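If you read the sequence shown in the working numbering, its first letter stands for residue 325, the second for the next number, and so on.
Here's the structure, in structure tokens; my notes come after.
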Amino acid sequence: MAKTFRGGVHPPEAKLTASKPIETIAQPDRVIIPLSQHTGAPSKPTVKVGEEVLIGSKIGEAEGFISVPTHSSVSGKVKAIANYPHPLGRPMPAIEIENDSRDEWIDLSHWTDLTNSSPDEIRRAVREAGIVGLGGAAFPTHVKLSPPEGKTIDTVILNGAECEPYLTGDHRLMLEHPDEIIEGLRVIMKVLGAARGYIGIERNKPDAIDKMSEKVEDEESIEVVGLKVKYPQGAEKQLIKALTGREVPCGGLPMDVGCLVQNVGTSYAIWQALKLGKPLIERVVTVSGSAVKSPGNYMVRIGTTFSHVIEQAGGMDEGCSKIIMGGPMMGIAQHTDQVPVVKGTSGMILLSAQDVRIDEPGPCLRCGKCVDHCPMRLVPNEIARFVEKGRIAEAEAYGILDCMECGVCAYVCPSKINHVHLFKIGKAEIAQRRRKEAGKEG
Ligand code: SF4
Ligand code: SF4
325 MAKTFRGGVH
335 PPEAKLTASK
345 PIETIAQPDR
355 VIIPLSQHTG
365 APSKPTVKVG
375 EEVLIGSKIG
385 EAEGFISVPT
395 HSSVSGKVKA
405 IANYPHPLGR
415 PMPAIEIEND
425 SRDEWIDLSH
435 WTDLTNSSPD
445 EIRRAVREAG
455 IVGLGGAAFP
465 THVKLSPPEG
475 KTIDTVILNG
485 AECEPYLTGD
495 HRLMLEHPDE
505 IIEGLRVIMK
515 VLGAARGYIG
525 IERNKPDAID
535 KMSEKVEDEE
545 SIEVVGLKVK
555 YPQGAEKQLI
565 KALTGREVPC
575 GGLPMDVGCL
585 VQNVGTSYAI
595 WQALKLGKPL
605 IERVVTVSGS
615 AVKSPGNYMV
625 RIGTTFSHVI
635 EQAGGMDEGC
645 SKIIMGGPMM
655 GIAQHTDQVP
665 VVKGTSGMIL
675 LSAQDVRIDE
685 PGPCLRCGKC
695 VDHCPMRLVP
705 NEIARFVEKG
715 RIAEAEAYGI
725 LDCMECGVCA
735 YVCPSKINHV
745 HLFKIGKAEI
755 AQRRRKEAGK
765 EG
């Protein structure tokens, strides 16, 4: 039996680009690099309009511990620092850089390999390179590598599940850069003093399982594990349960059960930063769906507009009626293709009208399907009802904050209730109330 967790669903996979090698796309004429692409405080600009920059130049400084610096992904001139469309919804401050197409990097000729440095030096270098979780959450990696005193991490898990339909970037990275990913895992294990490493991969990627297994054949401390194909197999808590049997408590974090989870792409970025001195200036983006002409996996500079990437992927079909950043289950629908690729852009899914259904929600039938499938063992119908009625304290008591917004409940709901939308509203209200309370106490 392949390892897995309780609950979840089996959406159609549609991994159209699994066999498409990662291609580097033509550079754009300009990039728009948001100062906020990560969880935590946005970075603060360190350049002025008119300044010349190179690839890898720092253009934004981290503000506080939960923040990372921002780097230029092209060589050229800073054209503007202003608010620009952002894939998370509202416009946000960003730095626009005109590309001089010289493709000139900062001087890395004196870089010395840091993979064998001390844990503190590694954390510093990972932070300076602007590395965040590339699975979509974009949480600063140096923070994850710095557990508070008293927390011991004995197990590091690399997430190669890639359970969202359509997305195949992690799959390709594992096939094309297995050594670098594994080297990144060894570094993470060393920094945390973890004795055990797992690489969890869904069984719909047998070639990646074979390739990664072959690479760790002689290593006792690292194991590649084939996981059941089920959404959301790649969610942190579900991955930990499937691989170690440990359950992260409600409101808890992976470190509470001695685990740390990183995406395979993040491990690759860590290797690039430490070995080559390269900050995070590009990432793999899967461009797929029924309304794109040449679906594929593309290496894209951060700050490239969606429109440029789509054009490089052959353009969109006339009938395209929805663009999603990320996968179709947890991704974010975009209102314009002028938003830039950010560190958390794992995919761009273009869907034609026949693949997009907007159903009017009906009343809850109390069928219990959402409860049966919720991987967090919540009661989504009740929580949704509480939020609708403004009974937020009850929604909180029923565990709304433990909801990871995976969308499984909405996916199985015969009444097409948009649970995730309601949960976002409920969570925002709780956050607002907590801010107010903190303000009063302060
Ligand atoms: S969105 Fe939240 S409530 Fe719904 S299935 Fe996922 S974790 Fe459970
Ligand atoms: S799946 Fe939908 S209809 Fe069924 S109990 Fe849950 S919210 Fe109600």
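Ideal Cβ placement from N, Cα and C applies to all residues, glycine included.
As the structure is a prediction and not an experimental result, all values here were calculated from the model.
Residue burial classification, residue i (beta-carbon count within 10 angstroms, cutoff 16)
i                 : result
proline 358       : buried
glycine 589       : buried
glutamine 596     : buried
glutamine 678     : exposed
glutamate 606     : buried
valine 371        : buried
serine 591        : buried
valine 373        : exposed
glutamine 562     : buried
phenylalanine 389 : exposed
glycine 686       : exposed
cysteine 574      : exposed
lysine 468        : buried
lysine 713        : exposed
proline 738       : exposed
leucine 604       : buried
glycine 620       : buried
glycine 380       : buried
alanine 386       : buried
glutamate 541     : exposed
threonine 479     : buried
arginine 759      : exposed
Residue i - partner residues in DSSP beta bridges
i              : result
histidine 334  : Partner(s): none; histidine 334 has no beta bridge.
valine 371     : Note: valine 371 sits in no beta bridge, so no partner.
lysine 382     : His395
glutamate 658  : The question names glutamate, but residue 658 is glutamine in the sequence shown. Paired residue(s): none; glutamine 658 is not in a bridge.
tryptophan 595 : Paired residues: none, contrary to the question.
lysine 327     : Leu551
asparagine 528 : Partner(s): none; asparagine 528 has no beta bridge.
asparagine 621 : Ile346, Thr610
asparagine 518 : Checking the displayed sequence, the identity of residue 518 turns out to be alanine instead of asparagine. Paired residue(s): none; alanine 518 is not in a bridge.
alanine 462    : The partner list for alanine 462 (beta bridge, DSSP) is empty, contrary to what the question assumes.
valine 377     : Gly400
tryptophan 429 : Ile379
asparagine 423 : Gly400
methionine 640 : Val616
proline 664    : Thr629
valine 511     : DSSP, once it has assigned bridges, lists no residue as partnering valine 511.
alanine 418    : Pro358, Ala406
valine 845     : Any answer about residue 845 is impossible in this case: the structure gives the chain only from 325 up to 766.
isoleucine 546 : Gly521
Opening and closing residue of the beta strand (DSSP E) in which residue i lies
i             : result
alanine 717   : Run containing alanine 717: none in the beta strand (DSSP E); it sits in the alpha helix (DSSP H), 716-721.
proline 358   : 354-358
lysine 312    : Only positions 325 to 766 of the chain appear in this structure, which leaves residue 312 out of reach.
serine 676    : 671-676
threonine 768 : No statement about residue 768 is possible, as the shown extent of the chain runs from 325 to 766 and does not include it.
glutamine 562 : From DSSP, glutamine 562 is part of no beta strand (DSSP E) but of the alpha helix (DSSP H) over 560-568.
cysteine 583  : 583-587
Residue i: first and last residue of the uninterrupted alpha helix (DSSP H) it sits in
i              : result
isoleucine 707 : 704-712
threonine 610  : First-last for threonine 610: 606-612, but that is the beta strand (DSSP E), not the alpha helix (DSSP H).
cysteine 694   : 693-697
serine 631     : 630-636
arginine 448   : 443-452
glycine 668    : From DSSP, glycine 668 is part of no alpha helix (DSSP H); its letter is neither H nor E.
valine 646     : Before going further, note that residue 646 is lysine rather than valine in the sequence given. Looking at the DSSP string, lysine 646 is not in any alpha helix (DSSP H); the run it does join, the beta strand (DSSP E), is 644-649.
methionine 498 : 493-500
alanine 734    : 732-736
Neighbour flag for residue i against chain B, beta carbons, 9 Å
i            : result
arginine 758 : The structure shown has no chain B; it contains just one protein chain.
Review point. For the region 515-522 against the region 632-651, are there 3 or more C-beta pairs whose distance is under 8 Å?
Key: The region 515-522 is not in contact with the region 632-651.
Check your understanding: Is the region 382-401 touching the region 334-343, taking contact as three or more C-beta pairs under 8 Å?
Key -> Counting C-beta pairs closer than 8 Å gives fewer than three between the region 382-401 and the region 334-343, which falls short of the contact rule.
Check your understanding: Would you call the region 602-618 and the region 488-500 touching, i.e. three or more CB-CB distances under 8 Å?
Key -> Yes, they touch.
Exercise for review: Would you be able to state if there are at least three C-beta pairs under 8 Å between the region 347-363 and the region 443-453?
Suggested key: No, the region 443-453 does not touch the region 347-363.
Check your understanding: Using 8 Å as the threshold, is the region 519-530 in touch with the region 453-464, meaning 3 or more CB pairs across them?
Key -> Flag = no, the region 519-530 and the region 453-464 do not touch.
Review point. Would you call the region 706-717 and the region 744-753 in contact, with 3 or more CB pairs under 8 Å?
Key: The region 706-717 vs the region 744-753: in contact.
Exercise for review: Please confirm if the region 653-668 is in contact with the region 722-733, defined as three or more CB-CB distances below 8 Å between the two stretches.
Suggested key: Per the Cβ contact rule, the region 653-668 is in contact with the region 722-733 (3 or more Cβ pairs under 8 Å).
Point to revise | Validate contact between the region 689-701 and the region 662-676 using beta carbons, cut 8 Å, 3 pairs | key: The region 689-701, when compared against the region 662-676, does not touch it at the 8 Å Cβ threshold.
Check your understanding: Are the region 554-564 and the region 470-490 in contact at 8 Å, needing three or more beta carbon pairs?
Key -> Flag = yes, the region 554-564 and the region 470-490 touch.
**Study point:** Any 3 or more C-beta pairs closer than 8 Å across the region 430-438 and the region 400-410
**Key:** Result no; under three Cβ-Cβ pairs closer than 8 Å.
Check your understanding: Per the contact definition of three or more C-beta pairs closer than 8 Å, is the region 409-426 in contact with the region 355-369?
Key -> Under the three-pair Cβ rule at 8 Å, the region 355-369 counts as touching the region 409-426.
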